[in-house]
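Asker:
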Amino acid sequence: MIEKINLGDVIEGTLSVNKSGSAYLVSDKIKKDIYVHKKNTSKGLHLDTVKIEIFKGRDRRLEGKVIEVVKRFKTTFVGTIEISKNFAFVVPDSPKMVVDIFIPIEQISDAKDGQKVVVELTKWGGKRNNPNGKVIQVLGNAGENDTEIHSILHEYGLPYKFDEDVEVEANMIPLEITEEEISKRRDMRDILTFTIDPDTAKDFDDALSVEYVGENIQVGIHIADVSHYVRPGTELDKEAYERGTSVYLVDRVVPMLPENLSNGLCSLRPLEEKLCFSAIFTLDTNGNIIDEWFGRTVINSDHRFTYGEAQVIIENDSDTIDITNFDMGDLAKSKMREAKFLWEVIRAIKTLDKIGKKMRAVRHKEGSISFDKREIKFILDEDNKPVDVSFKTLKDSNKLIEEFMLLANKRVAKFLNEKKITSVNRSHGQPDIVKLQNLKNYIGTLGYSLNIGENDNIRESINKLLLEVKGTSEENIVNNLVIRSMQKAEYSTKNIGHYGLGFMDYSHFTSPIRRYPDVMIHRILNRVLQGYSPYKEEKVSTKCKHLSNKEVTAQKASRDSIKYKQCEYMEGNVGRVYDGVVVSVQNYGLFIEISETNCEGFVSLGEISGDSYQADVDNFCVVGYNTGEKIRLGDEVTVVIKSVDVEKKTIDLSLLKL
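In this text, residue positions in the sequence shown follow this note's numbering: the first is 1, and each later residue adds one.
(1) Spatial neighbours of Leu-590 within its chain, please: C-beta separation below 6 Å, excluding the five flanking residues on both sides.
(2) For Ala-339, count the other beta carbons within 10 Å of its own beta carbon; 16 or more makes it buried, fewer makes it exposed. Which is it?
(3) Is it the case that the region 396 to 416 contacts the region 350 to 357, given that we only count it when at least three CB pairs across the two stretches are under 8 Å?
(4) Using only CA atoms, which one of Ile-496, Lys-440, Val-519 lies nearest to Val-482?
(5) Three or more beta-carbon pairs under 8 Å between the region 85 to 97 and the region 31 to 48, yes or no?
(6) Out of Phe-281, Ile-11, Ile-217, Ser-20, which has the shortest C-alpha to C-alpha gap to Val-26?
(7) Report the option in Glu-120, Val-70, Arg-72 whose CA atom is closest to the CA atom of Val-90.
(8) On the CB-based measure, 16 or more other CB atoms within 10 Å of its CB, does Glu-596 come out buried or exposed?
(9) When the Cβ atoms of the region 486 to 501 are set against those of the region 206 to 213, are three or more pairs found closer than 8 Å?
(10) Whose C-beta lies closer than 7 Å to the C-beta of Ala-111 among residues of the same chain, with five residues either side of it excluded?
(11) Along the chain, where does the beta strand (DSSP E) that runs through Asn-438 open and close?
(12) Please list the terminal residues of the continuous beta strand (DSSP E) segment that includes Asn-130.
(13) Do the region 230 to 241 and the region 253 to 270 touch if we need at least three Cβ pairs shorter than 8 Å?
(14) What residue from Phe-277, Leu-62, Ser-109 has the CA that sits closest to Met-520's CA?
(15) Would the C-beta of Asp-645 count as close to the ligand FMN, meaning under 7 Å from any of its heavy atoms?
(16) Assuming Tyr-384 contacts Thr-282 under a Cβ cut-off of 8 Å, what Cβ separation, rounded to an integer in Å, is found between them?
(17) Can you tell which of Lys-32, Val-17, Ser-20, Ser-16 has its C-alpha closest to the C-alpha of Glu-3?
(18) If you run the structure through DSSP and keep just helix, strand and coil, what is Ala-201?
(19) By the DSSP assignment, the alpha helix (DSSP H) with Asn-526 in it spans what residues?
(20) I believe Asn-425 touches Ser-511 by the beta-carbon criterion, under 8 Å. Please report the beta-carbon distance rounded to the nearest angstrom.
(21) List, from N- to C-terminal side, the alpha helix (DSSP H) runs of 4 residues or more that fit wholly inside the region 286 to 318.
(22) Work out the CA separation of Thr-41 and Phe-73 for me, nearest whole Å.
(23) Mapping the DSSP letters down to three states, classify His-37 as helix, strand or coil.
(24) Determine the contact status of Ser-16 and His-37, defining contact as a CB-CB distance below 8 Å.
(25) Can you tell me the Cβ-Cβ gap for Val-247 and Ala-557, rounded? I've got them flagged as a contact below 8 Å.
(26) Between the alpha carbons of Asp-618 and Val-70, how many angstroms are there, rounded?
(27) So is Leu-7 buried or exposed if we call it buried at 16+ other beta carbons inside 10 Å?
(28) Tell me the rounded alpha-carbon separation between Ile-346 and Arg-189.
(29) If you count every other CB in all the chains shown that lies within 10 Å of the CB of Ala-310, and 16 or more means buried, which is it?
(30) Go to Leu-236, then tell me how far its alpha helix (DSSP H) extends in each direction, as first and last residue.
(31) Under the three-state reduction of DSSP, which class applies to Val-76: helix, strand or coil?
(32) Would Tyr-442 be called buried (16 or more neighbouring beta carbons within 10 Å of its own) or exposed?
(33) Taking Gln-566 as the reference, which of Asn-288, Arg-484, Gly-601 has the closest Cα?
(34) Can you tell me whether Ile-108 is buried or exposed? The criterion is at least 16 other CB atoms within 10 Å of its CB, across all chains shown.
(35) Taking only the alpha-carbon atoms, compute the straight-line gap between Ile-152 and Gly-79 and give it to the nearest angstrom.
(36) With Val-210 as the anchor, note down where its beta strand (DSSP E) starts and where it stops.
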């Protein structure tokens with residue numbers, strides 16, 4: 001760590017560029033990021049590894065200027081091509097890429113003016129002092145849904161189809177489950193079993209079974225045994241590891257595994273025999289664990305419920321349910337109409353709901369933080385254009401599934417960690433004290449408090465805060481600020497516990513169809529159960545870092561797809577007036593979340609009517625130069641949609657006089 005930075009010092013780090021073109025050098029060698037004005041970024045691009053030289057800049061502050069690009073973060077970019085007679089330029093989609101790319105006319109491939117393309121940097125130089133590049137792929141016409149979605153995937157280096165050799169290998173896997181394989185497993189085909197998933201789900205990677213043992217209940221949490229089909233060293237396994245996770249975009253899922261596995265072999269579809277890796281718990285009526293068992297099983301799910309259907313059962317006080325509107329195939333429907341089965345499944349879901357609620361109450365009492373973030377859901381037409389928005393709400397049926405998945409993840413992690421072997425933990429460290437102090441300072445302006453002293457129970461104080469803001473206009477922003485004050489959860493061989501959940505041990509065991517770390521946990525657990533030697537820590541640790549990075553990349557792509565659809569939806573509403581909430585204060589303006597649609601737009605300081613405003617970022621507000629009027633983080637405001645740029649995924653607003 002460099003204790004003091006002096007004039008002339010040369011420091012290496014990562015260049016983080018903002019949309020204005022200026023940047024900061026980020027490095028674990030320095031305590032505070034170093035400002036780099038846009039005229040001093042030279043040939044450095046966003047996330048490049050660079051060396052900067054320290055000099056005295058404006059207001060006699062120490063600033064940096066890029067003197068060397070050590071390593072490019074990326075050399076391919078997505079953008080819109082603008083073709084002239086003798087040359088072309090590509091305007092990058094990313095707001096972090098603030099310089100256009102010059103393309104010699106002989107390097108435009110078969111691109112047409114206005115199309116979206118992928119370009120590769122070739123050199124930097126020439127009369128225009130722009131990076132030079134060549135078109136390596138034409139994505140299609142700008143503004144078309146598939147073109148824009150593929151642009152997002154390309155921007156983050158995410159594939160949207162499988163190579164032929166991977167598909168061929170997947171298609172060669174036998175469909176039949178042999179009697180020999182069944183004989184190696186715990187046979188649970190005759191136990192009452194069902195899945196509960198979203199109504200749009202195509203892959204079902206978890207199921208629950210219920211069996212009564214005297215006054216207790218035996219609950220099976222059955223997870224698709226992906227590791228049986230995806231073997232180490234195969235092309236299928238290499239591709240799944242490289243992808244790391246399925247990517248969830250607004251209009252599609254980019255799967256980690258080919259469809260015949262994710263939606264076929266490994267999907268726990270009703271009335272089909274399926275191979276699983278299971279965690280089976282004997283619980284009392286309060287959810288206390290009396291006994292547990294982990295191992296490979298074979299199941300046959302009796303029925304597939306949607307969350308809505310399970311919710312109908314939970315909310316109904318009687319033992320009879322009208323199943324007329326349930327979405328069922330003929331076989332499942334005939335079984336559901338058997339009085340004995342219908343009574344059993346109603347009893348099972350109601351029992352699991354009651355136990356799950358008791359388990360959740362204990363978890364929250366022990367410090368698990370209760371986030372309730374509002375998530376947007378788009379209603380798309382046949383062309384994938386957004387025609388309406390709604391908000392996802394978690395009901396008891398969602399929480400039931402969540403509670404039993406948490407139970408399995410926690411107990412599997414504890415079982416493995418007690419063996420003191422190398423495993424894949426889902427680690428979540430304590431929150432950043434500086435960010436917590438900023439949060440405390442902000443909520444203090446709203447009349448709330450947060451105890452973050454050395455002897456304070458910070459989790460308890462955070463939960464108290466989240467409960468206090470529930471239902472208020474500032475609920476969503478406080479939730480977001482609390483999340484931002486937290487460390488990012490990651491995969492690690494080091495077990496530091498999961499702070500947010502309040503668990504000493506936690507792993508990901510329950511979603512191997514869409515998460516590679518879960519496949520690794522299944523393999524590790526099987527090696528322990530079979531008495532084989534554990535994996536080497538260095539190898540597992542390297543994979544954990546790769547998979548953590550892939551998860552972050554997938555989340556960024558998902559957010560970009562939401563921004564794209566938000567802009568598409570708001571494009572037709574230019575000139576409309578909306579109510580909103582200030583969710584971020586920057587030196588150059590305000591970010592406003594529109595309450596009706598959850599879409600976020602930007603108001604520059606010059607677009608606030610009634611006065612000339614200056615930003616006071618340290619105090620979370622902008623201040624009127626003449627009136628002294630303050631607009632604070634969390635304030636309810638009225639805005640008008642000024643313009644929408646779908647390709648840049650930005651919404652510009654004007655703020656009307658308060």
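For each residue, glycine too, the CB sits at the ideal point set by N, CA and C.
Answerer: Once the coordinates are examined:
(1) Val-582, Val-603
(2) exposed
(3) yes
(4) Lys-440
(5) yes
(6) Ile-11
(7) Glu-120
(8) exposed
(9) no
(10) Ile-81, Val-117, Val-135, Val-138
(11) Element bounds for Asn-438: not the beta strand (DSSP E) but the alpha helix (DSSP H), 433 to 444.
(12) 130 to 141
(13) yes
(14) Phe-277
(15) Of ligands this structure carries none, so the ligand FMN is not represented either.
(16) Correcting the residue identity first, residue 384 is Asn in this sequence and not Tyr. Wrong, their Cβ atoms sit about 47 Å apart, outside the cutoff.
(17) Lys-32
(18) coil
(19) 516 to 530
(20) About 16 Å separates the two Cβ atoms, so there is no contact after all.
(21) 307 to 315
(22) 15 Å
(23) coil
(24) no
(25) 6 Å
(26) 34 Å
(27) exposed
(28) 19 Å
(29) buried
(30) 235 to 243
(31) Here residue 76 is Thr; the residue named in the question, Val, does not match the sequence. Note: Thr-76 maps to strand in three-state DSSP.
(32) buried
(33) Gly-601
(34) buried
(35) 10 Å
(36) 206 to 213
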